[in-house]
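Sequential numbering from 182 applies to the sequence shown in the working numbering.
We treat Cβ as the ideally placed atom computed from N, Cα and C, and that holds for glycine.
Everything below concerns the one structure shown next.
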Amino acid sequence: MNNKGGVIALLIAFSTISAYFLLRTWKINDIRKDAEAFATDKSGKINYTKKQEYLDSLWKQPVFLGTTTEDLTKQELGLGLDLQGGMSVILEVSPAEIVRSLASGSRDPKVATAIENAQKRAQTTSTNFVELFADEYKKLAPDTKLAKVFSNSSNRGTLSLESSDSQVINYIKKEVDGAFDRAFRIIQTRVDKFGVSNPNLQRLSNTNRIQVELPGVDNPDRVRKLLSGSAKLEFCEVYSMQELTPAFDALSGILLQMDIEAKAKQETASKTAPATAAAAKDTTKSSLTAQLAGNSKKDSTKKDSAAIAQRQNNIFSNLFIGTGFGVAVRTKDVSRVKEIMDRSDVRSLFPADASMVFNIKPRANGTNVNEEIVDIYFVKNLGKAPLEGDVVTNATQDYEEGKPAVEMQMNAEGARKWKALTGANIGRSIAIILDGYVYSAPNVNGEIPGGRSSISGSFTVEEAQDLASVLKAGKLPAPTNIISEDIVGATVGSEAASAGIISSIIGLIIVLGFVLIYYNKAGLIADIALLVNLFLLLGVMASFGATLTLPGIAGMVLSVGVSVDANVLIYERIKEELALGKTFKDAVRDGFKNAMSSIIDSNVTTIITGAVLFAFGTGLILGFATTLLIGIFTSLFSAIFVSRLFFEHYIAKGKSISFVTKWSEKLFKDSQFDFVSKRKLYYTISSAIIIAGIISIFIKGFGLGVDFKGGRTYVAKFSKNVDTDPIKEALQNNAFEGQYTEVKTFGGFDQVKITTPYKIDNTNTDVEKQIQSTVNKVIASIDGNSGKVVSSSKVGPTIANDAIWGAIKAVLLSIALVFAYIYIRFRRLAFGYGALVALFHDVLIILGIFSILNGFLPFSLDVDQAFVGAVLTIMGYSMNDTVVVFDRVREYLTEKRGIKEDIPTVINNALNSTLSRTAVTGFSTLLVLLVLLIFGGETIRGFVFAMFIGVIVGTYSSLFVATPIVVDGMQRDLKKEEEKFAAAVPVATEPKKGKKA
């Protein structure tokens, strides 16, 4: 090992980085525990406002090696919703509403009809909505140009009556994309201000959809209203500080009184302590609070007044910061200031129409660079502003005197109101407010007629672009509709976390034990490499700020199987080299070298399927893919480099290591199984299973998950075991207006999963609350057995359709990529066909088994996105296994070239030589999956079952399907080559006999 020093340095660096980020995760969780303890009263009730105040006070403070609490939250290994409870929603910006608004100047009734038709088609196709609308409108009005509908004064610089339909379509698409970008910014701001730890917000590629995950939220109704409400843009007058001086003077007095009362409570509580009691008797050393309360009789009135004034000033300045034009507060004090300003005695000090509004962005405190402050504005008539954003027709980032500025244009009504508003506020500020936060408060230099304004200031280009986007947010009604949501109760999440952790630990211990028993002392090295792999995996995930989900835990455990596989490949090669009589040093060197090709090929195929999962997956499946991909790289590093370091250590000391135990020594040794000769029997068995599955699919179908068929799902837990029929009947009759309802036991006989398509097209947030409330009332007491909804989910028909097409694309893309890779690496179509047939074989058998067994097993076998994730993972595992066999076949064919052995014999020998690796890797993976299946919890039981069956089927297909097909393919190719060769070479003939001369 020539680069031993470099590997050691790399291992130390990776380990240090992993430890650092894992410690950061531990620290932020410790801070959250402290915040919860601080906010918990004697009865155990948590005051979430106090908890947030505690966290805010440390938000910008260095708490770990110079890192602030804010930075710690950005790079930590967080828990997903399924492990801690919370809410996940997918929002869609309605393109139909944007198209309707852009065409609002047209009186053509065909526009509304075309929009309705396009909406119906959008439920069954992934085609862009704007193109669907244009197509539908052309059907209704073939002779009318789109420019006639969409060209108006507000887009005069972009469109005209002469614009082509393609130009109009591109314009509408750009407006829809712009509305989506603005909606994303607005949702992002709302989520940031919601006060949730580790929120996750992402754009779903190639769609107008936003996924939002809010761990730990316990008020879904509030979340629905917060996320789906339309953005409200307002232009409000701002009170000057001179107008508010009396109110702030009075506020400082209230703050002083609050401080006095707090100190008095502290002193009262401490009177039981002897030292405190003695100090209380010393009137010459009494506190300022005691003096103000009248406990001191000797101080002069002047001294008291001066002390009070000074104390009052100190308390006020500790909370509010003067900025020259107004006041600001430190970011850590925002929650406290909100709480104080909500007091009725404080509210009465300020004008009745005044509302306190914070600036959207904090800024650095000029007197303390390590501190951030937020400006406060007191605006008039918030919620009833004299001017709102619907009058803005356009806004763009521009330049004024070489500096970034914003140009804003209003319609006629807006121009009239804007002229009156600016004329009445010359020399004062007007705040531009979106969703209750000030984005800018420009000073009015003069009355602005005509509706065209220039907003200048000390903007950066980015800030000017942001402000232009904010102003355009009021231009188009782009409501965000919730088309999918998942709610996981905190109890359900904690149970899932416990199940996942316990099952993972048990599975890990079993695998470590098996490897140790099978490989003796070499197994100990493999176990150390496995533990290093897990440590690095967790550290890398933490450094990326990844979220750990229950499928992610499954992916982590599966990466242990990948790591085992790499070690097994290396160990089996070393054993072969030792059997040839090589020294331990040479055997280790050649074993690592010869195993590298199989390791790389097998893992690339897994990476391909993992990458497809990462590209197409969302939510839990995305978490699984992330963990799996990271795990592949960390496991390869551990198996190839960390293990090698240990071997080099023993080689340097002149020692060797045993790779076998007494019971494993003779396993698979000199095995002579004939895999190839009975291949037609295996083809028949596989065909029979596939045909049975296809018949079941056509007759019985699948149990489709809600994300593939759309609908609402509720998981309800009862106090005792239940019968599903009375629940189904009660819900259909009393909750879902007779609509079909599916009720299945779920994770135990005291828990059921309820699925219904009832009112699935209704996106009104109040409907969600009403339906769940009705469900809870119906199941509150069925046959004297009380039930309650513990989690729920909703998927609209559009996203269900997209999920189906996305799943089909993911599977087909994965198959195509794997086929391409196999062909490139092995340069024979026979290998590609073998891999292709094996993949289809595995997928069809798993689909058939899920159809046949659906309803017979005590857990859900619904086909959903998690199932698709399992199928893709199985494809990766199957290809991993198949490629290892193919690699050995290629090696044997190369070695035997020139030796007269037929192809079936060569391939049989190759299969037998890899049999030990196939068995050990498959058995190790099955052990882990079996533990997950038993202890992993109901949430992933169907997912794990698919993988468990898939490992068995994948191992079978690599031995009895893929490789035999290679035999048939190569024999056909060989026969064609022989025929071609025979046709090209002329046959020699004897000369005719003639008479001698």
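From R860, S744, L759, pick the residue whose C-alpha is nearest to that of G812; which is it?
To locate residue 812, count along the sequence shown from 1; it is residue 631. Taking only the C-alpha atoms, the option nearest G812 is S744.
Which term fits V1070, buried or exposed, when burial requires 16 or more other beta carbons within 10 angstroms of its beta carbon?
As a position in the sequence shown, residue 1070 is number 889, starting the count at 1. Around the beta carbon of V1070, 16 or more other beta carbons sit within 10 angstroms, so the residue counts as buried.
Looking at the secondary structure, which residues open and close the beta strand (DSSP E) in which P585 lies?
Locating residue 585 in the sequence shown gives position 404, counting from the first residue. Run containing P585: 584–591, per the beta strand (DSSP E) assignment.
Bounding residues of the alpha helix (DSSP H) (the contiguous stretch that carries A1182)
It is not possible to answer for residue 1182, since the shown part of the chain is limited to 182 through 1178.
Report buried or exposed for G266, applying the criterion of at least 16 other Cβ atoms within 10 angstroms of its Cβ.
Mapped onto the sequence shown, residue 266 falls at position 85. By the C-beta density criterion, G266 is buried, having at least 16 other C-beta atoms within 10 angstroms.
Close beta carbons around G137, own chain, < 6 Å, minus the five adjacent residues each side
Residue 137 lies beyond the stretch modelled for the chain, which goes from 182 to 1178, so this question has no answer here.
When the Cα atoms are used, what is the spatial distance from I668 to S972?
In the sequence shown, the residue the question calls residue 668 occupies position 487. In the sequence shown, the residue the question calls residue 972 occupies position 791. Rounded to whole angstroms, I668 to S972 spans 5 Å at the Cα level.
Other residues of its chain near A456: CB distance less than 7 Å, five sequence neighbours each side excluded
Start at 1 with the first residue of the sequence shown, and residue 456 comes out as number 275. Because the pLDDT of A456 is 46, which lies under 50, any placement of that residue in the model is unreliable, and the number read from its coordinates should be weighed accordingly. Residues of the same chain with a CB within less than 7 Å of the CB of A456, apart from the 5 flanking positions on each side, do not exist.
Roughly how many whole angstroms lie between the Cα atoms of A443 and I496?
Locating residue 443 in the sequence shown gives position 262, where the first residue counts as 1. Locating residue 496 in the sequence shown gives position 315, where the first residue counts as 1. Each residue's alpha carbon lies about 13 Å from the other.
Anyone know if the C-beta pair for G835 and L810 falls short of 8 Å?
Counting from 1 along the sequence shown, the entry for residue 835 is found at position 654. Counting from 1 along the sequence shown, the entry for residue 810 is found at position 629. Taking 8 Å as the cut-off, the beta carbon of G835 is found no closer than this to the beta carbon of L810.
Taking three-plus beta-carbon pairs below 8 Å as touching, is the region 897–910 in contact with the region 854–869?
Fewer than three beta-carbon pairs drawn from the region 897–910 and the region 854–869 are found closer than 8 Å, and the two stretches are therefore not classed as touching.
Apply the 10 Å Cβ neighbour rule to W240 and answer buried if 16 or more other Cβ atoms are within range, or exposed otherwise.
Here residue 240 corresponds to residue number 59 of the sequence shown, with the count starting at 1. It counts as buried.
Whole angstroms are fine: how far does the CA of G261 sit from the CA of F1129?
Numbered from its first residue, the sequence shown carries residue 1129 at position 948. Numbered from its first residue, the sequence shown carries residue 261 at position 80. Just so you know, the alpha carbons of F1129 and G261 end up roughly 24 Å apart.
Going by C-alpha to C-alpha distance, which of N1090, G1029, V510, R544 sits closest to S858?
The count along the sequence shown starts at 1 and reaches residue 858 at position 677. Selected option, being the one with the closest Cα: N1090.
For the alpha helix (DSSP H) that N915 lies in, which residues bound it at each end?
Within the sequence shown, residue 915 is the residue found at index 734, counting from 1. Here the alpha helix (DSSP H) through N915 covers 905–915.
Taking just the CA atoms, how far does L253 sit from L998?
On the sequence shown, residue 998 is found 817 positions in, with the first residue counted as 1. On the sequence shown, residue 253 is found 72 positions in, with the first residue counted as 1. Whole-angstrom Cα-Cα distance: 39 Å.
What would DSSP say about F930, mapped onto helix, strand or coil?
Working through the sequence shown from its first residue, we reach residue 930 at position 749. Residue state, collapsed to three classes: coil.
In DSSP terms, what S269 is bridged to:
Stepping through the sequence shown from its first residue, residue 269 is reached at position 88. DSSP lists E394, D667 as partners of S269.
When you compare each of E356, K513, S684, N1061 to G1103 by their alpha carbons, which one comes out closest?
As a working mapping, residue 1103 is identified with position 922 in the sequence shown. Here the closest residue by C-alpha is N1061.
How do the region 1129–1141 and the region 727–741 stand: do at least 3 beta-carbon pairs fall below 8 Å, yes or no?
Result no; under three Cβ-Cβ pairs closer than 8 Å.
At 3 residues or longer, and completely inside the region 934–1003: list those beta strand (DSSP E) runs for me, N to C.
With a minimum length of 3 residues, the continuous beta strand (DSSP E) runs that stay inside the region 934–1003 are 968–976.
Just to confirm before moving on: does the CB-CB distance between L1256 and G259 stay below 8 Å?
With the chain covering 182 to 1178 only, the question about residue 1256 has no answer from this structure.
Ranges of the alpha helix (DSSP H) found wholly within the region 182–267, counting only runs of at least 4:
Correct list: 185–220, 229–239, 250–255, 262–265.
Beta-carbon spacing of F202, Q256 below 8 Å
Taking the sequence shown and counting its residues from 1, the one referred to as residue 202 is at position 21. Taking the sequence shown and counting its residues from 1, the one referred to as residue 256 is at position 75. Between F202 and Q256, the gap from beta carbon to beta carbon is short of 8 Å.
Would the beta-carbon of V956 fall within 8 Å of that of V933?
Taking the first residue of the sequence shown as position 1, residue 956 is located at position 775. Taking the first residue of the sequence shown as position 1, residue 933 is located at position 752. Their beta carbons are not under 8 Å apart, which means V956 does not touch V933 by this criterion.
Can you have a look at P1039 and say buried or exposed, based on whether 16 or more other CB atoms are within 10 angstroms of its CB?
By 1-based counting over the sequence shown, the position of residue 1039 is 858. Result: exposed.
I want to know whether the region 692–702 touches the region 782–789 - three or more CB-CB distances under 8 Å.
Because the criterion of three Cβ pairs below 8 Å is not met, the region 692–702 and the region 782–789 do not touch.
Kindly give me the distance between the Cβ atoms of R366 and S650, rounded to whole angstroms, as I take these residues to be in contact under 8 Å.
To locate residue 366, count along the sequence shown from 1; it is residue 185. To locate residue 650, count along the sequence shown from 1; it is residue 469. Correct: roughly 6 Å between the Cβ atoms.
Through-space distance from S332 to K355, alpha-carbon basis:
The residue labelled residue 355 in the question sits at position 174 within the sequence shown. The residue labelled residue 332 in the question sits at position 151 within the sequence shown. The C-alpha of K355 lies about 15 Å from the C-alpha of S332.
Leaving out the 5 sequence neighbours to the left and right, which residues in its chain are closer than 8 Å to I985 when beta-carbon positions are compared?
Walking along the sequence shown from the start, residue 985 turns up at place 804. If we look at I985 and ignore the five residues flanking it on each side, its Cβ neighbours are F889.
Rounded to a whole number of angstroms, what is the C-alpha to C-alpha distance between D1201 and L395?
Any question about residue 1201 goes unanswered here, given that the chain covers just 182 to 1178.
Quick check: the Cα distance between E753 and A727, rounded to an integer number of angstroms?
Taking the sequence shown and counting its residues from 1, the one referred to as residue 753 is at position 572. Taking the sequence shown and counting its residues from 1, the one referred to as residue 727 is at position 546. The alpha-carbon atoms of E753 and A727 are separated by roughly 35 Å.
Proximity below 8 Å, CB of D1045 to CB of S779:
By one-based count along the sequence shown, residue 1045 stands at place 864. By one-based count along the sequence shown, residue 779 stands at place 598. For the 8 Å CB-CB criterion, D1045 and S779 do not form a contact.
State the CB to CB distance for the pair T937 and Q920, rounded to an integer number of angstroms; the pair is presumed to be in contact (CB under 8 Å).
Translated into positions along the sequence shown, residue 937 becomes position 756. Translated into positions along the sequence shown, residue 920 becomes position 739. Between T937 and Q920 the beta-carbon gap is near 6 Å, inside 8 Å, which marks them as a contact.
Which same chain residues end up closer than 7 Å to F314 when comparing Cβ atoms and leaving out the 5 residues on each side of it in sequence?
One-based indexing of the sequence shown puts residue 314 at position 133. So the qualifying residues of the chain are V280, A295, I296, A299.
Secondary structure of Y420, DSSP reduced to three states
Counted from its first residue, the sequence shown places residue 420 at position 239. If DSSP states are grouped into helix, strand and coil, Y420 belongs with coil.
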